[in-house]
Structure formats: C-alpha cells, structure tokens
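In UniProt numbering, the protein residues as written are 1 to 588.
The C-beta atom is built at its ideal place from N, Cα and C for all residues, glycine as well.
Since we're looking at a predicted model, the values are computed, not measured.
What follows is one structure encoded as structure tokens, with my remarks underneath.
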C-alpha cells in the first residue's frame with residue numbers, strides 16, 4: 001500500500017497530530033494508508049520506499065524540528081519524495097546549513113542550487129482565532145474559493161530560484177497573500193499549507209469546517225495525491241454467510257454441531273464479537289453481527305453476494321484442487337464465512353477464542369470479505385481494504401506441535417505430521433511463495449507478467465518492472481498463532497490482503513500491463529490484457545497452491561529446505577547489499 005506518514009515527534013502539538021491523522025484519513029482513505037511515524041523510525045527504519053508524502057503537523061509553541069532530521073528528510077525529498085508542512089508558511093534561509101555550515105535550524109536545502117527553505121509553523125493559540133479570510137486556489141484550471149477561519153503564518157520566499165508555484169492565495173483587505181506554496185528540492189517537492197487546521201471540529205456541519213476540507217482536498221490533489229470519490233460505502237459489518245462446497249455439504253453441519261448451535265436463531269457470545277446464527281431463510285436483524293447458515297450445500301445467489309460469486313468460486317476451487325492433486329479431505333477454502341463487509345477477517349478468527357476453540361479440529365475455515373472496516377497489518381499497522389482488494393484469513397486448526405498431540409496422527413490429509421514450534425516462522429514464507437507462484441499461472445497473470453510479482457521479506461508481496469528499479473507493494477501476509485494449553489498444538493490463522501482490481505493510484509494485478517507502475521492511467525480505458533482475471537479465480541488458485549505446499553511442509557515436519565531454492569528465485573532481495581548492524585562497527 002502507498003503510505004502517507006505523519007510525523008509524531010515530541011515537538012508536534014498533540015491536538016494537531018490527532019487532527020491531522022483524522023483529517024487526512026477522512027480525505028485519503030482508501031487510496032492511501034495514513035500512519036504516524038516517530039523519530040526512531042525516521043532515523044533507523046527503511047520508511048522511504050513506501051512513503052508517498054511525509055506530513056509535518058503544527059508544532060508546540062517555542063519548538064522546532066530537530067536539525068538532526070534535516071539530512072534524512074532532505075535525502076528523502078532530493079530522491080523524489082514529498083513533504084507537506086501543515087499550518088506552516090516558508091522562509092528563505094541563507095547558507096547551505098544542512099549540507100555545508102553547521103546550523104541548528106531545520107531547513108530543506110537543494111545542494112545543486114544552494115536554495116534553503118525553512119518551515120514557519122503557526123504558533124499555538126490560547127484562544128480560538130475567529131479571524132476569517134477568503135482562500136482562493138491558484139495555478140490550475142479549477143478555481144476553488146472558500147471562506148475559512150483561523151490564523152495564518154506569513155511567507156517570506158523572495159529570491160527563491162528553484163522551480164516553484166503558488167497553490168493558493170488569501171484575499172484580505174490589504175491585498176493578496178500566499179496561502180499555499182510548493183517548491184522543488186532536487187527531484188522532489190516540499191509544500192506548505194498555511195491556513196489553520198486547529199479550529200476544525202471534525203465531523204461537524206459548520207460551513208467553515210467544510211471550506212477547510214474543500215481547500216485541503218484541493219491542495220492534496222495539487223501535490224499529486226488522488227483523493228477518493230465518496231461512494232456511500234458501508235462502514236459497519238454486514239451479515240456473513242457460513243457455507244461449504246456443495247459436494248461437501250456435511251462440512252457446514254460439522255461446524256454447526258461443533259459450536260453447539262442446537263436451534264436457530266442462536267446467539268454465540270465471544271471475547272471480540274457476538275454472533276447470531278440464522279438459517280438461510282430467516283431475515284437477520286441489523287443490530288449485531290449475524291451469520292446465515294447455508295445447510296445442505298446451499299450456495300447464496302450472486303444477487304445476494306454481488307461482489308463475490310460464490311458458486312463460481314466453488315467451481316474454480318474444485319478444478320484448482322484437482323489440478324494441484326490435493327487429497328480428498330476437508331480442504332482449504334471449502335468451508336467459508338463470507339460477508340460483503342466485516343471489521344476484520346483476521347480478528348473474527350483469532351480474537352474470538354471461544355469460537356476458535358469450538359470449531360471442528362480437522363476442518364480448515366476461510367474468513368472472506370469484500371471490504372474490511374478495521375483491517376489489520378503486521379505489528380501495529382493497519383491494512384486498508386479499498387474496492388478491488390482481495391482480503392481473507394485462513395484458519396488451520398489444531399496443528400500438532402508435538403508427537404504427543406492428539407491430532408499428530410490425524411487422518412486429515414492436511415495434518416499428516418507434527419512440526420516443532422521453532423518451524424512456525426516458515427508459514428508466512430510458505431504462504432508468500434504460494435501467492436507468488438499462483439500469480440505466475442495462466443489463471444492469474446501468466447508467466448511473463450507473473451514474474452514481476454516478488455516476495456519482500458518477511459511478509460509482503462511486491463511487484464517490479466523488468467529493467468526498472470520501481471518496486472511497489474501490492475499485498476501483505478499476517479500470521480497469528482493461538483497455542484492450546486500444554487503447547488502440544490496450535491491454531492494457525494493466516495491473513496492476506498492482495499490488490500487485484502484496485503484503482504489508481506494503488507497498484508494492483510490488473511494494472512501490471514502498463515508502461516510504468518506510476519502512470520496515472522484512467523481505469524475506464526484499461527485494455528483487457530487480463531480478460532480472465534477474477535477475485536474468485538485468484539483466491540482459489542492461491543489456496544490450492546498453498547494447500548499442496550502445506551501438505552508437503554507438514555509431512556516433512558516443517559522442513560523449509562525443499563522450498564528454499566524456489567523462494568530465493570521469487571524474493572525481492574537478490575543481489576542487494578546488506579548492512580549488518582549487529583556487529584561493531586556495522587559492515588556491508
């Protein structure tokens with residue numbers, strides 16, 4: 001995903017940080033993720049590769065950004081990145097500063113021209129500034145003009161020789177003043193948005209607030225960001241369907257029996273969620289999470305699930321499992337919880353421990369949704385789920401970790417052995433390999449386009465272009481493990497998000513045929529280079545590939561050696577220099 005990072009260092013005004021995160025999320029999700037980033041990450045982590053824009057919010061009174069961050073942020077901008085300073089004007093600073101003479105003042109410096117610009121942040125006000133001013137867009141065919149409230153720092157950019165443009169002006173009694181400004185530094189840009197955002201009452205209907213939002217959306221568009229068009233998308237969970245492959249209708253009944261659903265409707269309370277199970281014929285009430293049981297091989301019509309054709313899915317799954325030579329046992333993807341909208345497919349399985357513990361021990365469960373409203377990524381990261389993103393989580397229950405596990409000698413083809421806990425780390429690598437291999441098949445991209453899909457260690461899916469250094473994330477994998485008492489077995493939940501049909505500016509599988517990944521092609525004129533690509537076929541190809549690999553992985557006791565050569569062929573890091581930081585001094 002493309003990240004908008006918001007600086008959250010100690011000098012940032014807390015209310016400004018909160019407002020900025022909320023406001024940018026409101027204007028940019030689902031096209032971009034919006035996340036805070038601290039000093040430690042900026043100084044020590046490889047954050048620049050996935051960052052589209054770094055945002056600097058308003059600072060505390062009397063504080064400035066540490067000059068120690070200057071070389072880092074300048075390197076990001078000169079390399080082609082963008083920085084947006086909110087509630088800030090700019091002033092020209094003499095002297096090279098960061099790259100020449102020592103300076104305690106933070107600034108952006110162009111080494112080629114010697115130009116230096118320092119942000120001038122609006123000072124924190126003790127009382128709400130009710131000054132009104134008219135802000136008008138500049139330099140574009142579209143004219144946006146709104147009246148806003150609040151203070152605004154003044155620009156002092158006389159003598160700047162770098163390519164620059166005024167994005168907006170403030171129309172006041174004494175004339176026109178710069179309100180927004182962008183300047184090129186090296187190969188990148190620094191932009192300054194001066195109108196005060198601190199007066200915004202997010203979520204209110206105040207006209208001044210709406211004007212601020214309209215203008216800031218315009219500013220974001222002018223610096224190259226693509227703001228999503230409001231679509232009326234549902235922001236709360238919708239009912240889920242519990243169903244299985246029609247030729248294995250007994251799997252749903254096994255889940256029903258295992259959960260103790262003696263009569264329907266049935267309320268099942270758990271730690272994270274409360275579920276109400278219904279029969280397929282019943283009407284579900286909208287106040288809690290509902291699960292509609294489809295017994296006897298019943299599959300909802302495409303009209304009930306317009307974003308995912310379940311009948312087509314099961315047909316593709318049967319064919320894919322046959323191609324891969326999967327055994328006739330309850331397979332990956334044959335028992336499904338599907339919903340148009342959920343909070344998180346991962347949370348539903350790994351945070352509801354009662355549900356997890358009472359599901360059948362030999363039946364894998366797939367949690368699948370067309371949209372997530374609270375998707376999860378690795379660590380504290382979130383995973384947004386725009387339209388066209390394939391999001392699912394696969395539960396592999398009761399994986400034996402010891403020969404003494406009651407499931408170590410299970411008759412299930414998917415649990416043919418046991419694996420030591422130390423081998424569990426390889427599961428994320430194995431699933432990433434399954435995704436990469438699936439993309440190379442003719443059912444998704446084919447071998448030529450599919451070769452651009454690579455694995456970024458440890459759990460990301462990237463695409464790259466032949467002869468280009470351009471690398472973009474299109475997917476991610478999250479593995480959670482719930483150990484049973486005694487540690488002899490574990491429930492494994494593998495979550496995956498993969499951009500399949502996402503629109504620009506996101507990169508997705510359907511957009512890989514274009515000359516460059518960053519080209520802002522209109523989706524309406526996309527040539528049909530992948531006429532057979534579908535969500536259903538993509539998912540079933542991945543699941544069947546992984547099931548075959550998993551069977552071999554468990555049969556070998558968790559040995560990753562048989563997959564290592566193929567994994568190295570598919571990963572992103574071949575021939576890259578590595579810096580070892582665990583030795584002193586660090587070595588390349």
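Query: Segment contact flag, the stretch 498-510 with the stretch 387-397, C-beta cutoff 8 Å, min 3 pairs; Result: yes
Query: Buried versus exposed, by CB contacts within 10 Å (16 or more), residue 172; Result: exposed
Query: Burial state of residue 438 (16 or more Cβ within 10 Å); Result: buried
Query: Under the three-state DSSP convention, the category residue 582 falls into; Result: coil
Query: Neighbour-count burial assignment, residue 491, 16 or more Cβ in a 10 Å radius; Result: buried
Query: Span separating the alpha-carbon of residue 155 from that of residue 178; Result: 7 Å
Query: Length-filtered (4 minimum) alpha helix (DSSP H) runs lying within the stretch 267-324; Result: 310-324
Query: Beta-carbon proximity check, residue 218 vs residue 85, cutoff 8 Å; Result: no
Query: Opposing strand residues paired with residue 85 [DSSP bridges]; Result: 56, 192
Query: Secondary structure of residue 471, DSSP reduced to three states; Result: strand
Query: Contact under 8 Å by Cβ, residue 239 with residue 293; Result: no
Query: Per-residue DSSP class, three states only, for residue 246; Result: helix
Query: Reduced DSSP category for residue 499 - H, G, I as helix; E, B as strand; rest coil; Result: strand
Query: Which of helix, strand or coil DSSP assigns to residue 326; Result: coil
Query: Helix, strand or coil at residue 240 according to DSSP, with G and I counted as helix; Result: strand
Query: Extent of the continuous alpha helix (DSSP H) run through residue 158; Result: Per DSSP, residue 158 belongs to no alpha helix (DSSP H) and is neither H nor E.
Query: Segment contact, 8 Å Cβ cut-off, at least three pairs: the stretch 562-569 with the stretch 439-446; Result: no
Query: Burial state of residue 259, where buried means 16 or more other Cβ atoms lie within 10 Å; Result: buried
Query: DSSP three-state assignment for residue 36, whether helix, strand or coil; Result: strand
Query: Three-way DSSP call (helix, strand, coil) for residue 456 in this model; Result: strand
Query: Nonlocal neighbours in the same chain, by C-beta distance under 6 Å from residue 350, ignoring five residues either side; Result: 480, 493
Query: Sequence-distant residues of the same chain with beta carbon closer than 6 Å to residue 577, five excluded per side; Result: 588
Query: Proximity below 8 Å, CB of residue 120 to CB of residue 91; Result: yes
Query: Exposed unless 16 or more other CB atoms sit within 10 angstroms - verdict on residue 302; Result: exposed
Query: Cβ pair count under 8 Å reaching 3, the stretch 258-274 against the stretch 314-324; Result: no
Query: Proximity below 8 Å, CB of residue 507 to CB of residue 463; Result: yes
Query: Proximity below 8 Å, CB of residue 336 to CB of residue 368; Result: yes
Query: Three-state secondary structure assigned by DSSP to residue 175; Result: strand
Query: Residue burial classification, residue 58 (beta-carbon count within 10 angstroms, cutoff 16); Result: buried
Query: The stretch 36-54 / the stretch 68-76 touching (three or more Cβ pairs under 8 Å); Result: yes
Query: Top-ranked residue by Cα proximity to residue 424, from 267, 539, 243, 400; Result: 400
Query: Candidates 419, 123, 7: closest to residue 488 by CA position; Result: 419
Query: Cα-Cα separation between residue 393 and residue 537, rounded to whole angstroms; Result: 17 Å
Query: Straight-line gap, residue 326 to residue 540 (C-alpha atoms, nearest Å); Result: 13 Å
Query: Alpha carbon of residue 6 to alpha carbon of residue 20, nearest angstrom; Result: 8 Å
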